[in-house]
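Engineer: Just so you know, we're using my numbering here: the sequence shown kicks off at 4 and counts up by one.
Each residue gets a CB set at the ideal place from its N, CA and C atoms; glycine is no exception.
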Amino acid sequence: MTGRPPGAPREIYRIDWLPGTDILHGICHCGAEHTAQDPVLMWEWMLGHPAGHRPPRTTA
């Protein structure tokens with residue numbers, strides 16, 4: 004196994020299960036959020052970055 008080269012960008016994907024539901028909530032490394040019931044569809048969305056990814060709006 005090889006390690007990540009020093010200074011290489013680190014992409015973090017997070018998927019949480021919402022207890023009491025069949026819903027998965029995903030947050031991409033870009034900040035975009037998505038919900039899905041199918042884990043395969045969730046990972047396809049995550050790994051399809053940037054297609055369909057819109058980071059959350061910030062209020063000024």
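Cα separation between I26 and D19?
Structural biologist: As a working mapping, residue 26 is identified with position 23 in the sequence shown. As a working mapping, residue 19 is identified with position 16 in the sequence shown. Each residue's Cα considered, the two are about 9 Å apart.
Engineer: To the nearest angstrom, how far is the alpha carbon of Q40 from that of R17?
Structural biologist: What you label residue 40 is simply residue 37 of the sequence shown in a count that begins at 1. What you label residue 17 is simply residue 14 of the sequence shown in a count that begins at 1. Their Cα atoms are separated by approximately 15 Å.
Engineer: Using CA atoms only, rank isn't needed, just tell me which of P53, R13 and G29 is closest to V43.
Structural biologist: Indexing the sequence shown from 1 puts residue 43 at position 40. Per the Cα distances, G29.
Engineer: Enumerate in chain order the residues of its own chain whose CB-to-CB distance from H32 is below 7 Å, with the five nearest sequence positions on each side excluded.
Structural biologist: Here residue 32 is taken as the residue at index 29 of the sequence shown, counted from 1. Cβ neighbours of H32 beyond the five flanking positions: E14, I15 and Y16.
Engineer: Kindly give me the distance between the Cβ atoms of H37 and W46, rounded to whole angstroms, as I take these residues to be in contact under 8 Å.
Structural biologist: What you label residue 37 is simply residue 34 of the sequence shown in a count that begins at 1. What you label residue 46 is simply residue 43 of the sequence shown in a count that begins at 1. Contact doesn't hold; Cβ gap of about 11 Å is too wide.
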